[in-house]
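Residue numbers (my numbering), protein chains in the order written: chain L, 1 to 260; chain S, 261 to 568.
Just so it is clear, CB atoms sit at the ideal spot from N, CA and C, and this is done for glycine as well.
Since the structure is predicted, the reported quantities are computational estimates derived from the model, not experimental observations.
Let me begin by presenting the structure, written as structure tokens, before commenting on it.
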Amino acid sequence: MIRWNISRRFMRVWERNLRVYRRTWAISFIPPLLEPVLYLLAFGVGLSALVGSVQYRGAQIHYVAFIAPALLSINIMYNAFFENTYASFVRMYYQKTFDAMLATPLSLEEVITGEIAWGTTKSLVATVLMQSVVSLFGLVDYPQGLLILPLAVLGGLAFGSLGMLFTAIVPHIEMFNLPIFLLISPMFLFSGTFFPLEVLPEWVKPLAWALPLTHLVELSRSLALGQWRMELIWHILYLTGMSAVLFPLALGRMRARLIR
Amino acid sequence: MVEPEGEPVVQALGLRKSFGHTKAVEEVSFEVRRGECFGLLGPNGAGKTSTIRMIYGFSPRSGGTLKVFGLDIEESWRLIRARLGVCQQENSLDPDLSVQENMEVFARYFDIPRPEARTRAAELLKFVGLEHRSGSPVSQLSGGMMRRLVLARSLINAPELLILDEPTTGLDPQSRHQVWERLESLKKSGISILLTTHYMEEASRLCDRVLIMDHGRILTQGPPSQLISRYVGKDVIEVSGPDEGIRRFVMEKGLDHEDLGHRLVIYTQEGRELFDRVSRELCAQGCLLRMATLEDVFLKLTGRELRE
């Protein structure tokens with residue numbers, strides 16, 4: 001019964017999470033503000049002395065300008081993915097928050113949609129914060145750089161849905177180590193984040209392009225460098241397709257898990 | 261049997277629920293009338309929780325028909341839930357929020373406007389005696405306070421029917437009586453109550469009618485007093501360490517009794533006379549006379565073996 005029942009009421013679930021977030025916003029704000037500074041210090045001062053500049057799309061760019069948009073992308077991925085795995089799992093499994101909601105006029109789909117919408121929001125907020133810091137160093141080209149904000153929403157939706165799918169299928173919370181070890185960590189390193197994909201051996205390149213973060217990095221880097229071009233549509237389509245598949249899949253698996 | 265009055269708020273007919281091959285609820289039919297308190301009784305695993313979860317549209321039913329407020333639960337689940345208050349068995353309070361915020365956030369799930377939510381929250385916290393704790397984090401509340409908060413939270417939408425799944429399990433006597441008093445005053449205000457419990461004292465005190473179920477099936481249903489006189493009688497005589505003499509006596513007299521080995525329980529209508537005789541002549545290790553209770557009915561019907 002109650003198949004695909006989504007109304008605007010999912011915003012009530014989103015509001016609940018916002019309310020909790022506002023209690024601890026000062027602490028929640030620190031990582032996205034501080035992290036880029038740490039990275040830029042380590043890589044900008046430390047590593048770029050060794051690396052100097054990298055070859056990207058036929059031009060030499062400073063290494064710090066190369067990795068700054070990647071840090072933004074990783075930030076987008078982390079915020080939605082971790083919110084919709086660990087945090088959502090705690091609410092679902094330990095706090096019985098979903099059970100309580102399901103005794104009110106909220107449908108399961110609205111609860112899960114609200115959770116993913118919240119994960120997406122966290123990606124967006126973290127991006128606003130981190131991008132402000134990165135921009136102070138003159139590492140984002142404007143006005144194109146503003147497009148990174150809607151990109152954070154798209155990326156948040158994609159990675160939030162992915163996280164929620166794992167939340168629906170893992171038997172216990174420690175199991176999240178598996179997708180993190182097998183998927184999130186390799187993406188962090190091999191999605192054109194810290195070195196250009198061109199340096200990879202030919203046979204590895206398709207693997208790298210299969211990873212969603214690669215597409216997010218490509219988009220944010222092009223926008224931060226002010227290099228919008230039509231072929232970027234393909235990367236947008238990749239992330240849109242990913243969301244279009246994983247979002248309903250997460251809803252379906254969550255229904256199978258919770259409705260007994 | 262006296263017919264219950266009032267229009268039905270819950271009508272269950274041939275209700276069934278299976279989990280794979282396990283049949284949790286089989287052919288359960290009952291009605292909850294407006295303004296009454298109806299109790300679902302049964303040992304652990306009897307199917308009580310499965311039954312009420314179907315009523316508030318959490319679990320899809322495997323068979324039978326189910327109407328709440330005259331509406332079909334499958335089609336009108338949202339409308340029905342808007343008029344229900346549910347206290348689940350497990351603590352589902354939001355530990356990330358304060359007492360007051362728990363109330364306000366829950367009100368928003370029902371689309372209650374914020375100012376109204378605030379007023380109602382304050383009223384209800386006062387009703388359950390938690391107004392002085394409105395700013396406390398939920399984690400600092402005692403078990404009894406948490407249960408009262410769950411009760412207050414379930415009333416935020418001014419429900420017509422309150423569903424309580426074991427509302428006092430694990431509470432100390434003081435907290436239990438607190439909850440009972442609140443439920444009694446709610447009942448007086450005209451709200452219908454459906455509760456599950458395995459405390460017979462609770463059921464006798466609160467419920468107008470009860471349904472006893474086990475292994476997913478109904479064993480009996482009716483007002484507690486009627487069930488007691490139908491299944492047990494008026495009085496109960498308990499004989500400790502019964503000997504052959506008393507055993508022969510109950511057999512010869514054809515008395516309704518249960519022999520538990522170390523104890524013999526006699527169910528009777530004329531307790532005083534029988535007790536005088538038994539205690540004078542046949543009671544070696546002591547015996548007592550007491551009024552028959554719902555617990556006697558329950559144990560008689562569901563047996564005395566341990567569950568789980």
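Bridge-paired residues (DSSP) for S:Ser-452
S:Leu-421
So who's on the other strand from S:Met-551, going by DSSP bridges?
S:Asp-495
Which of the residues in the segment 98 to 126 of chain L, read from start to end, lie with their CB under 7 Å from any CB of chain S?
Asp-99, Ala-100, Met-101, Leu-102, Ala-103, Thr-104, Pro-105 and Leu-106
Is there a Cβ from chain S that is less than 7 Å from the Cβ of L:Lys-96?
yes
Give me the subset of the segment 244 to 260 of chain L whose CB atoms are less than 8 Å from a CB atom of chain S, sorted by chain position.
Ile-259 and Arg-260
Return the chain-ordered list of same chain residues with a C-beta closer than 7 Å to the C-beta of S:Gly-508, the five sequence neighbours on each side being excluded.
According to the sequence as given, residue 508 of chain S is Arg; it is not Gly. Excluding positions up to five away in sequence, the list is empty.
By the three-class DSSP mapping on this structure, what secondary structure does S:Pro-397 have?
strand
Rounded C-alpha distance that separates L:Leu-251 from L:Tyr-21
24 Å
Proximal chain L residues relative to S:Gln-271, where beta-carbon distance stays under 9 Å:
Under the 9 Å cutoff, chain L gives no residues; its nearest Cβ is about 18 Å from S:Gln-271.
Kindly indicate which residue of L:Met-101, L:Arg-221, L:Ser-28 and L:Gly-114 has the alpha-carbon position closest to the one of L:Ile-259.
L:Met-101
Can you find the residues in the same chain that come closer than 8 Å, C-beta to C-beta, to L:Phe-195, ignoring five residues on each side of it along the sequence?
Val-54
Kindly list the residues whose CB is nearer than 8 Å to the CB of L:Met-254, restricted to its own chain and excluding five residues on each side of it in sequence; keep chain order.
Leu-108, Ile-112, Met-164, Thr-167 and Ala-168
Please confirm whether S:Cys-347 and S:Pro-419 have their CB atoms less than 7 Å apart.
no
For chain S, find out if any of its Cβ atoms is closer than 7 Å to the Cβ of L:Val-140; answer yes or no.
no
Residue from L:Ala-103, L:Glu-174, L:Leu-136 and L:Ser-123 whose Cα sits closest to the Cα of S:Ile-416:
L:Ala-103
Per DSSP, which one or two residues make a beta bridge with L:Gln-60?
L:Gln-55
Counting only Cβ-Cβ distances shorter than 7 Å, please list the residues of the segment 9 to 37 of chain L near chain S, keeping chain order.
Arg-12, Glu-15, Arg-16, Arg-19 and Val-20
Can you have a look at S:Met-261 and say buried or exposed, based on whether 16 or more other CB atoms are within 10 angstroms of its CB?
Model confidence at S:Met-261 stands at a pLDDT of 43, short of 50, so the residue's coordinates are unreliable; what they give is reported in the following sentence. With fewer than 16 Cβ atoms within 10 Å of its Cβ, S:Met-261 is classed as exposed.
Note down the Cα distance separating L:Pro-179 from L:Pro-212, rounded to an integer number of angstroms.
14 Å
Indicate whether the contact test is met: 3 or more Cβ pairs, each with one atom in the segment 369 to 388 of chain S and one in the segment 402 to 415 of chain S, closer than 8 Å.
yes
At 9 Å on the CB atoms, spell out the chain L contacts of S:Gln-545, in chain order.
Here the premise fails: no neighbours, minimum Cβ distance about 49 Å.
Please state whether the Cβ-Cβ distance between S:Gly-295 and S:Gly-450 is less than 7 Å.
yes
Go through its chain and collect everything with a Cβ distance to S:Phe-244's Cβ below 6 Å, but skip five positions before and after it.
Residue numbering for chain S in the displayed model covers 261 to 568; residue 244 of chain S lies beyond these limits and cannot be assessed.
Extent of the continuous alpha helix (DSSP H) run through L:Val-90:
First-last for L:Val-90: undefined, no H or E at that position.
Find the nearest neighbour of S:Ala-342 within the set S:Ala-412, S:Phe-298, S:Lys-277 and S:Leu-422, judged by alpha-carbon distance.
S:Leu-422
Short CB-CB distance (under 7 Å) between S:Tyr-316 and chain L
yes
Proximity test, Cβ basis, 7 Å: S:Gln-400 and chain L:
no
Does any C-beta atom of chain L lie closer than 7 Å to the C-beta of S:Ser-452?
no
Which runs of the beta strand (DSSP E) fall wholly inside the segment 94 to 132 of chain L and span at least 3 residues, in chain order?
none
For L:Ile-233, which three-state DSSP category applies?
helix
Roughly how far, in whole angstroms, is the beta-carbon of S:His-475 from the beta-carbon of S:Ala-306, given that I think they are within contact range, below 8 Å?
7 Å
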